[in-house]
Amino acid sequence: MIALMLALGSSLAYGCADFLGGLGARKAHVLRTVMIAAPASLAVELLLWPFLGASFSAGALGWGAASGIASAAAFALLYRTLAIGPMNVLSPVTALVSAVLPVAVGLLQGEHLGAAGLVGLPLALVAVILVSAGHGAGSARPSRTALLSAFGAGGAIALQLVFLHQAPSDTGVAPLIIGRAVSSAVILAAAGLMYRRLGSERPAYAMSTAAGVLDSMANLLFLLAARSGDLTVVAVITALYPAGTVLLARSVLAERIRRGQLVGLGTAVVAVSLLALA
Numbered sequence: 191m192i193a194l195m196l197a198l199g200s201s202l203a204y205g206c207a208d209f210l211g212g213l214g215a216r217k218a219h220v221l222r223t224v225m226i227a228a229p230a231s232l233a234v235e236l237l238l239w240p241f242l243g244a245s246f247s248a249g250a251l252g253w254g255a256a257s258g259i260a261s262a263a264a265f266a267l268l269y270r271t272l273a274i275g276p277m278n279v280l281s282p283v284t285a286l287v288s289a290v291l292p293v294a295v296g297l298l299q300g301e302h303l304g305a306a307g308l309v310g311l312p313l314a315l316v317a318v319i320l321v322s323a324g325h326g327a328g329s330a331r332p333s334r335t336a337l338l339s340a341f342g343a344g345g346a347i348a349l350q351l352v353f354l355h356q357a358p359s360d361t362g363v364a365p366l367i368i369g370r371a372v373s374s375a376v377i378l379a380a381a382g383l384m385y386r387r388l389g390s391e392r393p394a395y396a397m398s399t400a401a402g403v404l405d406s407m408a409n410l411l412f413l414l415a416a417r418s419g420d421l422t423v424v425a426v427i428t429a430l431y432p433a434g435t436v437l438l439a440r441s442v443l444a445e446r447i448r449r450g451q452l453v454g455l456g457t458a459v460v461a462v463s464l465l466a467l468a
């Protein structure tokens with residue numbers, strides 16, 4: 191139950207971070223937003239170090255660095271995917287892949303689910319698709335390049351979660367610190383190489399910083415959830431992050447929630463209840 195609640199918190203934090211990051215990216219080039227969000231996220235993890243501890247063992251360094259590289263790749267592939275479109279097809283693909291791969295890893299590592307879990311897990315995957323589905327049922331079919339980018343983005347997100355899960359459980363926040371330091375370095379290097387293409391618009395500093403802080407908290411909650419529960423359950427619950435984005439868009443931007451998304455939110459509630467029983 192503790193792992194489930196932590197995973198729900200992680201999902202909500204990821205959804206809020208995506209919402210704020212998306213708003214920030216409307217005001218300036220996305221790399222300008224990420225250049226602020228990533229260091230802000232690293233600063234939060236460094237502040238948590240004295241309270242939660244950090245052991246920079248070989249396992250923490252290796253798995254943390256791997257998660258950082260996957261995180262940087264996820265940023266690049268996700269925004270490329272959404273730029274190509276159509277979002278209402280590609281967003282569910284990305285969310286589903288990011289959930290399925292950790293589930294497969296968990297099952298291969300010997301995790302087992304009870305009867306309620308065997309029903310709740312597929313329901314949660316269905317909820318991921320419904321909640322993350324965008325507007326417009328009549329959108330054009332995605333190209334092969336767009337689909338490959340969507341699978342790549344989902345795979346990169348999944349690898350980031352799996353790598354964090356593989357880090358030794360007695361290393362505190364060391365994997366998060368290493369991962370964020372590596373991803374920040376990669377992002378800043380990419381921004382330096384593309385500096386002339388970033389435009390002159392000033393980024394939304396407050397929203398970008400808040401997105402980074404929330405992303406850091408989401409990573410921390412996922413790490414704690416994965417250390418206290420099964421990856422198969424934690425990864426799927428975390429992948430429900432589009433629900434937070436949808437609800438914020440409804441309350442802040444007055445965007446209409448589609449009927450399918452409402453069904454997805456209801457399905458998510460049922461799935462989480464079944465997984466809690468499992």
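Residue 265 in our numbering sits at position 75 of the sequence shown, with consecutive numbering throughout.
Each residue gets a CB set at the ideal place from its N, CA and C atoms; glycine is no exception.
Just so it is clear, the structure is predicted and the values come from calculations on it, not from any experiment.
Take serine 261, set aside five residues on each side of it, and the residues of its chain with a beta-carbon closer than 7 Å to its own are Gln350, Gly369 and Ser373, in chain order. Check the Cα spacing between leucine 430 and each of Trp253, Val290, Val321 and Gly419: the tightest is with Val321. Comparing alpha carbon positions, the residue from Ser201, Ala197 and Asp208 closest to alanine 400 is Asp208. CA-to-CA, the gap between leucine 232 and arginine 417 works out to about 21 Å. Taking all protein chains in view, the Cβ of aspartate 360 is surrounded by fewer than 16 other Cβ atoms within 10 Å, so the residue is classified as exposed. Under DSSP, glycine 362 takes part in a beta bridge, and its partners are Ala244. The alpha helix (DSSP H) runs of length 4 or more contained entirely in the stretch 405 to 447 are, from start to end of the chain, 421 to 428 and 432 to 442.
Valine 290 and tryptophan 253 have their C-alpha atoms some 20 Å from each other. In this structure, alanine 340 sits away from valine 426, with a CB-CB distance that is not shorter than 9 Å. Where leucine 196 is concerned, the enclosing alpha helix (DSSP H) starts and stops at 192 to 217. Distance from the Cα of threonine 457 is smallest, within the candidate group Ser390, Leu421, Arg446 and Pro312, for Pro312. Considering only Ala380, Leu411, Arg446 and Val460, the residue with the shortest C-alpha distance to valine 220 is Ala380.
A direct Cα-Cα distance of roughly 25 Å separates alanine 263 from serine 390. Here DSSP, grouped into helix, strand and coil, assigns glutamate 235 to helix. Judged by DSSP in its simplified three-state form, proline 229 adopts helix.
Taking a 10 Å sphere around the C-beta of valine 424, we find 16 or more other C-beta atoms and assign the residue as buried. Within the stretch 361 to 401, the alpha helix (DSSP H) runs of at least 4 residues that lie entirely inside it are, in chain order, 364 to 383.
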